[in-house]
Amino acid sequence: EDKVVQSPLSLVVHEGDTVTLNCSYEVTNFRSLLWYKQEKKAPTFLFMLTSSGIEKKSGRLSSILDKKELFSILNITATQTGDSAVYLCAYFGNEKLTFGTGTRLTIIP
Amino acid sequence: EAQVTQNPRYLITVTGKKLTVTCSQNMNHEYMSWYRQDPGLGLRQIYYSMNVEVTDKGDVPEGYKVSRKEKRNFPLILESPSPNQTSLYFCASKYTGTRSSPLHFGNGTRLTVT
Chain A
1 EDKVVQSPLS LVVHEGDTVT LNCSYEVTNF RSLLWYKQEK KAPTFLFMLT SSGIEKKSGR
61 LSSILDKKEL FSILNITATQ TGDSAVYLCA YFGNEKLTFG TGTRLTIIP
Chain B
1001 EAQVTQNPRY LITVTGKKLT VTCSQNMNHE YMSWYRQDPG LGLRQIYYSM NVEVTDKGDV
1061 PEGYKVSRKE KRNFPLILES PSPNQTSLYF CASKYTGTRS SPLHFGNGTR LTVT
C-alpha cells in the first residue's frame, strides 16, 4: 500500500531558527511530490517536485526531492511566527494525492 | 479570481438526514476530488473525477456519493449521514494536461452529524 511518512510529528523552535522537515514515501506509480502549508483552513500549495535532485526555492523556503532514496525535505530558514502551521507532504500517483499526517511547526517569538 | 468554492462552510445535521455539499471551480480543471480530514488520520480521498461523467472511488468512499454532470461542479452527497462522518471536508481540483500541476483546495466544510 502506498504511504507517506513525515517526521517529526511536531516541532517547536524559536524565531530565527532554521528547520528541516522530512518526508519519506513508498509508492507504486510516482508522478510528483508536493508540499502544502495548512493553517486554520485549506492547505495552500508550496512546492511541487517531479525530478530527482531538483531543488525548488521560494524566499526562505526550499525543498529537494531524492527519487532514488524516496524522500524529500522542506527547509525553512530564519523562521517567523507566521511560519507556524502544519506542513503536509503528499505524492500524486494513481490519480490521487496521498498525504502524510503532517508536521506541526510552532515558532516561539 | 481563480478558486474552488465549497458550500456550506459549516453544517450541523442529524443522523439519516440527506445532505449535499456543493463544490464549484472556475479554472476549467478536468480533475476534481473530495477529501476528508480527521485528527491523526490526515487527509484521505473520498472520490475523484477525471472529467465530466467520469468518477471513481478513493480510499474512503463508503457512505458517500458524487456526480459530475458539468465540468465546474462536483457535489458530495451523504444519503444517510452517520456520526462517523463528522469531519472536515475539502474539495479540490487540478489541471490534467501534459504538464503536472498542483491540487487547489476549497476552504473546507466542517460537518457535524449528531
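One line per chain: the protein sequences are A and B, in this order. Sequential numbering from 1 applies to the first sequence in our numbering. Sequential numbering from 1001 applies to the second sequence in our numbering. Idealized CB from N, CA, C, for every residue including glycine. Because the structure is a prediction, the values reported are computed rather than measured.
From the options, residue whose alpha carbon lies closest to that of residue i
{"i": "K37/A", "options": "D83/A, S62/A and E69/A", "result": "D83/A"}
{"i": "I108/A", "options": "T44/A, A85/A and S63/A", "result": "A85/A"}
{"i": "S1033/B", "options": "E1070/B, C1091/B, G1016/B and K1065/B", "result": "C1091/B"}
{"i": "F1105/B", "options": "L105/A, T106/A and L97/A", "result": "L97/A"}
{"i": "P1083/B", "options": "V1066/B, A1002/B and K1018/B", "result": "K1018/B"}
{"i": "M48/A", "options": "I64/A, G59/A, T18/A and I76/A", "result": "I64/A"}
{"i": "F1074/B", "options": "E1001/B, S1049/B, G1040/B and P1039/B", "result": "S1049/B"}
{"i": "T50/A", "options": "L33/A, S58/A and K57/A", "result": "L33/A"}
{"i": "Q80/A", "options": "R60/A, D2/A, P8/A and L46/A", "result": "R60/A"}
Integer Cβ distance of residue i from residue j, believed to fall under 8 Å
{"i": "R1009/B", "j": "T1109/B", "result": "6 Å"}
{"i": "G1042/B", "j": "T101/A", "result": "4 Å"}
{"i": "L1011/B", "j": "L1111/B", "result": "5 Å"}
{"i": "T1022/B", "j": "Q1006/B", "result": "7 Å"}
{"i": "R1068/B", "j": "E1053/B", "result": "6 Å"}
{"i": "L74/A", "j": "L11/A", "result": "With a Cβ gap of about 11 Å, L74/A and L11/A do not count as contacting."}
Residue range of the beta strand (DSSP E) that includes residue i
{"i": "G130/A", "result": "Absent from the structure is residue 130/A, since the part of chain A shown begins at 1 and ends at 109."}
{"i": "N1007/B", "result": "V1004 to N1007"}
{"i": "G82/A", "result": "Unbroken run through G82/A: none, as it is neither H nor E."}
{"i": "K41/A", "result": "Unbroken run through K41/A: none, as it is neither H nor E."}
{"i": "T101/A", "result": "That residue, T101/A, is in no beta strand (DSSP E); it is neither H nor E in DSSP."}
{"i": "T1013/B", "result": "Y1010 to T1013"}
{"i": "S7/A", "result": "K3 to S7"}
{"i": "E55/A", "result": "E55 to S58"}
Cβ-based neighbour list, residue i, same chain, cut-off 8 Å, excluding 5 preceding and 5 following
{"i": "F30/A", "result": "K67, Y91 and G93"}
Cross-strand partners of residue i (DSSP beta bridge)
{"i": "R1044/B", "result": "R1036/B"}
{"i": "A1092/B", "result": "S1033/B and F1105/B"}
{"i": "T50/A", "result": "Its beta-bridge partners do not exist; DSSP assigns none."}
{"i": "F71/A", "result": "S24/A and D66/A"}
{"i": "F92/A", "result": "S32/A and L97/A"}
{"i": "T106/A", "result": "V12/A"}
{"i": "D1056/B", "result": "Y1048/B"}
{"i": "T1020/B", "result": "I1077/B"}
{"i": "Y87/A", "result": "K37/A and T103/A"}
Same chain only: Cβ atoms within 7 Å of residue i, ignoring 5 sequence neighbours per side
{"i": "N1107/B", "result": "Q1006 and R1009"}
{"i": "V5/A", "result": "S24 and G100"}
{"i": "V1004/B", "result": "C1023, Q1025, C1091, A1092, S1093, H1104, F1105 and G1106"}
Close Cβ partners of residue i (< 6 Å) along its chain, the five nearest in sequence each way excluded
{"i": "N1051/B", "result": "E1030"}
{"i": "A1002/B", "result": "M1027"}
beta-carbon residue i near the ligand GTP non-hydrogen atom, thresh 7 Å
{"i": "D1038/B", "result": "No copy of the ligand GTP appears in this structure; indeed no ligand is present at all."}
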